[in-house]
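Participant: Top to bottom, those sequences are chains A and B.
Residue numbering for the first sequence follows numbering that gives the first Met the number 0, beginning at 0 and increasing consecutively.
Residue numbering for the second sequence follows numbering that gives the first Met the number 0, beginning at 0 and increasing consecutively.
Just so you know, even glycine gets a beta-carbon here, dropped at the ideal spot from N, CA and C.
Mind having a look at this structure? Questions to follow.
There are 2 protein chains.
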Amino acid sequence: MKVGVFTKRQSVTRHLGRLEGDVVIDLGLGDSVLSRDLVPRQGEEVPVAAVQWHLPFAVADYVDFYSSLEHATNMGRMFRPDQEPLTPNWRRLPIGYHGRSGTVVAGGTEIRRPSGQRKAGDFGPSQKLDFELELGFVIGKPSRLGEPVPVERALEHVFGAVLVNDWSARDIQAFEYVPLGPFLGKSFATSISPWVTTLDELPSVVGVDQDPAPPAYLRIDNFAYDVPLEVELNAEVVSRTNARHLYWNIAQQIAHLTSNGASLRTGDLLATGTISGPGERERGSLIELTWNEGPFLQDGDEVVLRGEGLAEVRGRIV
Amino acid sequence: MKVGVFTKRQSVTRHLGRLEGDVVIDLGLGDSVLSRDLVPRQGEEVPVAAVQWHLPFAVADYVDFYSSLEHATNMGRMFRPDQEPLTPNWRRLPIGYHGRSGTVVAGGTEIRRPSGQRKAGDFGPSQKLDFELELGFVIGKPSRLGEPVPVERALEHVFGAVLVNDWSARDIQAFEYVPLGPFLGKSFATSISPWVTTLDELPSVVGVDQDPAPPAYLRIDNFAYDVPLEVELNAEVVSRTNARHLYWNIAQQIAHLTSNGASLRTGDLLATGTISGPGERERGSLIELTWNEGPFLQDGDEVVLRGEGLAEVRGRIV
Chain A
0 MKVGVFTKRQ SVTRHLGRLE GDVVIDLGLG DSVLSRDLVP RQGEEVPVAA VQWHLPFAVA
60 DYVDFYSSLE HATNMGRMFR PDQEPLTPNW RRLPIGYHGR SGTVVAGGTE IRRPSGQRKA
120 GDFGPSQKLD FELELGFVIG KPSRLGEPVP VERALEHVFG AVLVNDWSAR DIQAFEYVPL
180 GPFLGKSFAT SISPWVTTLD ELPSVVGVDQ DPAPPAYLRI DNFAYDVPLE VELNAEVVSR
240 TNARHLYWNI AQQIAHLTSN GASLRTGDLL ATGTISGPGE RERGSLIELT WNEGPFLQDG
300 DEVVLRGEGL AEVRGRIV
Chain B
0 MKVGVFTKRQ SVTRHLGRLE GDVVIDLGLG DSVLSRDLVP RQGEEVPVAA VQWHLPFAVA
60 DYVDFYSSLE HATNMGRMFR PDQEPLTPNW RRLPIGYHGR SGTVVAGGTE IRRPSGQRKA
120 GDFGPSQKLD FELELGFVIG KPSRLGEPVP VERALEHVFG AVLVNDWSAR DIQAFEYVPL
180 GPFLGKSFAT SISPWVTTLD ELPSVVGVDQ DPAPPAYLRI DNFAYDVPLE VELNAEVVSR
240 TNARHLYWNI AQQIAHLTSN GASLRTGDLL ATGTISGPGE RERGSLIELT WNEGPFLQDG
300 DEVVLRGEGL AEVRGRIV
């Protein structure tokens with residue numbers, strides 16, 4: 000099912016809704032699709048054109064992974080051309096970091112161009128504003144502190160999926176990120192689908208070969224979701240790819256995230272990192288599509304992420 | 000004032016309380032010191048020995064900075080001995096990253112030794128478990144998305160301060176952290192003071208010289224809090240230092256954090272990063288005190304952080 004939080008025109012009261020074709024079934028008051036079981040309920044039908052969607056759940060912790068081999072390889076080739084493109088840890092564990100959950104917004108929200116230090120002491124509006132095409136998984140069932148989630152049971156914790164635009168200011172990020180990782184280059188805004196698709200609606204396929212074999216706590220037959228994806232920039236499709244290209248799967252990411260005893264909370268958002276495929280037009284960011292030469296996003300540009308079965312994520316730069 | 004959330008013996012009902020000497024003034028039901036104005040209220044006096052403290056507020060986003068010049072220099076010397084110890088960005092902006100807010104726990108909580116990849120494919124219990132002595136600032140007044148907080152108004156957003164033990168598994172962190180920063184080496188647990196000291200109770204002093212002068216958005220007469228600090232390991236003081244040594248101040252950190260338009264939420268926790276002073280016994284972590292030779296923390300070890308006017312943070316490794 001596809002579920003979200005909406006208001007009707009000229010109302011501020013938030014309702015839970017289940018999308019069915021062109022109508023939304025009104026499931027009553029609520030501000031998070033994770034707050035109760037939504038399956039069996041029926042209600043008034045509201046035309047989808049008459050609803051305003053909002054953030055579908057409160058984001059607890061937001062983790063962004065780096066699970067596309069092609070994306071990580073592209074970034075390594077651009078920024079560390081004299082070294083192996085992948086760092087020694089990349090094939091051994093799903094690299095990730097925490098992002099800012101307080102600035103996750105619903106698709107449709109306008110994105111203000113961030114300012115920051117583009118070089119030492121040079122503060123001003125980012126001149127390398129970019130999108131990142133990602134999938135995000137929403138945790139619906141928490142886990143306990145000190146109790147790692149086994150990889151084969153990890154999917155029980157996933158409620159559903161959204162598209163994620165992890166907006167990135169490449170100049171701000173480049174100056175700040177050594178040694179503690181991305182911070183202000185990402186934290187100004189992250190847009191997600193305004194409704195959530197439950198996991199049972201995503202078709203899964205056999206995943207890519209993982210070489211070397213992952214360590215035991217990450218070992219599971221690799222799988223991926225077969226979700227065709229595209230990025231539209233000012234009404235023109237600039238990239239088409241598929242989530243099935245991802246190297247690490249969400250079960251491995253959950254097992255890894257909790258392997259040190261960290262707990263999951265309802266509302267945690269685990270994003271895949273930029274999804275790029277092997278082809279030159281299958282790349283999920285402008286920095287890859289233009290090989291860091293730009294043009295990057297201009298004021299007024301509108302980016303739309305689309306994925307089969309998922310709510311589109313729209314954002315205009317202002 | 001000093002405020003927290005407590006339960007009385009043999010009760011599970013959480014109350015807000017104001018600590019006054021050896022008694023806690025019961026301010027009525029509540030589970031966050033940020034939920035309402037606590038100043039004028041009076042109530043029943045409960046002996047402090049009869050209360051159990053809990054996490055004093057729900058942590059929204061947790062940011063850990065890296066604002067001790069001495070700590071950053073020590074880490075650079077140990078891990079990049081062939082390079083300048085400070086990265087080029089260090090004196091230009093207060094480096095920071097997001098940590099896991101879902102695993103912030105109240106002081107007194109036992110800490111389970113985390114497992115992780117200590118080297119490629121070598122998964123097991125961390126053999127380099129460490130503490131980090133930090134101060135943390137709690138946001139009491141939010142700011143709006145897209146509206147940077149000017150450095151001279153930043154303190155208006157701070158409710159108070161806590162001590163922070165940012166437990167660190169050095170081996171897990173070393174293998175994982177390039178290029179996206181610390182993740183599982185930190186996320187298993189972060190302990191904070193079980194009550195919060197409001198900012199007006201911390202004596203401030205002139206801060207260290209900042210050279211080069213910070214860019215305009217971070218420019219303010221430097222200040223620091225004069226808070227004597229100590230770390231006790233198994234009942235022996237192993238380090239004594241002071242928060243006044245910090246290079247970057249909390250006003251600059253808030254101005255930096257919001258300079259890209261990111262918002263603050265009530266409950267955001269902004270930690271200073273490890274506080275080390277210039278002397279060899281003024282270092283705030285075992286990796287610095289033993290220059291990465293150990294011994295690191297053993298099972299059964301108990302660490303207590305103390306700071307004048309702040310609630311101690313106790314944690315035993317299990």
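On the CB-based measure, 16 or more other CB atoms within 10 Å of its CB, does B:R35 come out buried or exposed?
Facilitator: One-based indexing of the second sequence puts residue 35 of chain B at position 36. Around the Cβ of B:R35, a 10 Å sphere holds fewer than 16 other Cβ atoms; the residue is exposed.
Participant: Have a look at A:F56 and A:D30 and give me their C-alpha separation to the nearest angstrom.
Facilitator: Locating residue 56 of chain A in the first sequence gives position 57, counting from the first residue. Locating residue 30 of chain A in the first sequence gives position 31, counting from the first residue. If you take the alpha carbons of A:F56 and A:D30, they lie about 7 Å apart.
Participant: B:R305 and B:E229 - do their beta-carbons sit closer together than 9 Å?
Facilitator: Counted from its first residue, the second sequence places residue 229 of chain B at position 230. Counted from its first residue, the second sequence places residue 305 of chain B at position 306. It is a contact, given that the beta carbons lie within the stated cut-off.
Participant: Identify every residue that forms a DSSP beta bridge with B:S114.
Facilitator: Walking along the second sequence from the start, residue 114 of chain B turns up at place 115. DSSP output for B:S114 lists B:P124 as bridge partner(s).
Participant: Mapping DSSP to helix, strand and coil, what is B:T197?
Facilitator: Along the second sequence, one-based indexing puts residue 197 of chain B at 198. Three-state result, B:T197: strand.
Participant: Counting Cβ pairs, one atom from each stretch, are 3 or more of them under 8 Å apart for the stretch 162-174 of chain B and the stretch 117-130 of chain B?
Facilitator: Of all C-beta pairs linking the stretch 162-174 of chain B to the stretch 117-130 of chain B, three or more are shorter than 8 Å, placing the two stretches in contact.
Participant: Kindly indicate the opening and closing residues of the alpha helix (DSSP H) around A:G3.
Facilitator: Taking the first sequence and counting its residues from 1, the one referred to as residue 3 of chain A is at position 4. Not the alpha helix (DSSP H): A:G3 falls in the beta strand (DSSP E), residues 1-7.
Participant: Just by C-beta distance, which residues in the stretch 257-273 of chain B are closer than 8 Å to chain A?
Facilitator: For chain A, the residues of the stretch 257-273 of chain B that bring a beta carbon within less than 8 Å of one of its beta carbons are S258, N259, G260, A261, S262, L263, R264, D267, in chain order.
Participant: Would you mind telling me which residues of chain B sit closer than 7 Å to A:A60, beta carbon to beta carbon, in chain order?
Facilitator: One-based indexing of the first sequence puts residue 60 of chain A at position 61. According to the sequence displayed, residue 60 of chain A carries Asp and not Ala. Here the neighbours are R99, S100, G101.
Participant: Taking Cβ-Cβ distances below 8 Å as the criterion, which residues of the stretch 167-179 of chain A are in contact with chain B?
Facilitator: Of all residues in the stretch 167-179 of chain A, A168, I171, F174, E175, Y176, V177, P178, L179 have a Cβ within less than 8 Å of some Cβ in chain B.
Participant: If contact means a Cβ-Cβ distance below 8 Å, which residues of the stretch 208-225 of chain A contact chain B?
Facilitator: P211, P214, A215, Y216
Participant: How big is the Cα-Cα spacing for A:L179 and A:H97?
Facilitator: Reading the first sequence from its first residue, position 180 is the one you call residue 179 of chain A. Reading the first sequence from its first residue, position 98 is the one you call residue 97 of chain A. If I take the Cα positions, the gap works out to 11 Å.
Participant: Throw me the rounded Cβ distance for the B:S262 and A:G101 pair, which I believe falls under 8 Å.
Facilitator: One-based indexing of the second sequence puts residue 262 of chain B at position 263. One-based indexing of the first sequence puts residue 101 of chain A at position 102. About 6 Å separates the two Cβ atoms, so the contact holds.
Participant: Do you know offhand how far B:A71's Cα is from B:W89's?
Facilitator: One-based indexing of the second sequence puts residue 71 of chain B at position 72. One-based indexing of the second sequence puts residue 89 of chain B at position 90. Those two C-alpha atoms are separated by around 9 Å.
Participant: A:N241 to A:L232, Cα distance in whole Å?
Facilitator: Within the first sequence, the letter at position 242 stands for residue 241 of chain A. Within the first sequence, the letter at position 233 stands for residue 232 of chain A. Going from the Cα of A:N241 to the Cα of A:L232 covers about 18 Å.
Participant: Using a Cβ-Cβ cut-off of 8 Å (strictly less than) and excluding sequence neighbours within five positions of B:T12, which residues of its own chain qualify?
Facilitator: Walking along the second sequence from the start, residue 12 of chain B turns up at place 13. Excluding residues within five positions, the ones whose Cβ falls inside 8 Å are T6, L28.
Participant: With a cut-off of 8 Å on the beta carbons, I'd call B:G276 and B:E131 a contact; round off their distance for me.
Facilitator: Translated into the one-based positions of the second sequence, residue 276 of chain B becomes position 277. Translated into the one-based positions of the second sequence, residue 131 of chain B becomes position 132. With a Cβ gap of about 14 Å, B:G276 and B:E131 do not count as contacting.
Participant: Is B:E44 helix, strand or coil by DSSP?
Facilitator: Here residue 44 of chain B corresponds to residue number 45 of the second sequence, with the count starting at 1. Residue state, collapsed to three classes: strand.
Participant: If I follow the unbroken alpha helix (DSSP H) through A:G75, where does it start and stop?
Facilitator: Numbered from its first residue, the first sequence carries residue 75 of chain A at position 76. Unbroken alpha helix (DSSP H) run through A:G75: 68-78.
Participant: For chain B, is any of its Cβ atoms less than 9 Å away from the one on A:G135?
Facilitator: Stepping through the first sequence from its first residue, residue 135 of chain A is reached at position 136. No, A:G135 does not count as interfacial toward chain B.
Participant: What residue range is occupied by the uninterrupted alpha helix (DSSP H) comprising B:D170?
Facilitator: Here residue 170 of chain B corresponds to residue number 171 of the second sequence, with the count starting at 1. B:D170 -> alpha helix (DSSP H) spans 169-175.
Participant: Any beta carbon of chain A sitting closer than 9 Å to that of B:H255?
Facilitator: Indexing the second sequence from 1 puts residue 255 of chain B at position 256. With 9 Å as the cut-off, B:H255 counts as an interface residue toward chain A.
Participant: From the DSSP output, which residues share a beta bridge with A:H227?
Facilitator: The sequence position of residue 227 of chain A within the first sequence is 228, counting from 1. Checking the sequence shown, residue 227 of chain A turns out to be Pro, not His. A:N241.
Participant: Distance cutoff 9 Å, beta carbons only. Does B:Q126 sit that close to anything in chain A?
Facilitator: For this step, residue 126 of chain B is matched to residue 127 along the second sequence. Chain A contact via Cβ: absent.
Participant: Is there at least one Cβ from chain B nearer than 9 Å to A:Y96's Cβ?
Facilitator: On the first sequence, position 97 is the one that residue 96 of chain A refers to. At least one chain B Cβ lies under 9 Å of A:Y96.
Participant: Distance check for B:Q41 and B:E19, CA to CA, integer angstroms please.
Facilitator: Here residue 19 of chain B is taken as the residue at index 20 of the second sequence, counted from 1. Here residue 41 of chain B is taken as the residue at index 42 of the second sequence, counted from 1. B:E19 and B:Q41: Cα-Cα distance of roughly 12 Å.
Participant: Quick one, which residues of the stretch 54-79 of chain B are near chain A if we go by CB-CB under 7 Å, in chain order?
Facilitator: Residues of the stretch 54-79 of chain B whose Cβ lies closer than 7 Å to any Cβ of chain A, in chain order: A59, D60, Y65.
Participant: Can you check DSSP and say which residues form a bridge with A:T189?
Facilitator: Taking the first sequence and counting its residues from 1, one reaches residue 189 of chain A at position 190. A:T189 pairs with A:V103.
Participant: Let me know the secondary structure DSSP gives B:Q51 once reduced to three states.
Facilitator: Taking the first residue of the second sequence as 1, we reach residue 51 of chain B at position 52. The answer is strand: DSSP assigns B:Q51 an E or B state.
Participant: What distance in whole Å lies between the Cβ atoms of B:V62 and B:A270, which are believed to be in contact at a cut-off of 8 Å?
Facilitator: Looking up residue 270 of chain B in the second sequence gives position 271. Looking up residue 62 of chain B in the second sequence gives position 63. So it is a contact: roughly 7 Å between Cβ atoms.
Participant: Per DSSP, what kind of secondary structure is B:Y96 in: helix, strand or coil?
Facilitator: Counted from its first residue, the second sequence places residue 96 of chain B at position 97. B:Y96 falls in the strand class under three-state DSSP.
Participant: Alpha carbon to alpha carbon, how far is A:T86 from B:K185?
Facilitator: The residue you call residue 86 of chain A lines up with position 87 of the first sequence. The residue you call residue 185 of chain B lines up with position 186 of the second sequence. If you take the alpha carbons of A:T86 and B:K185, they lie about 20 Å apart.
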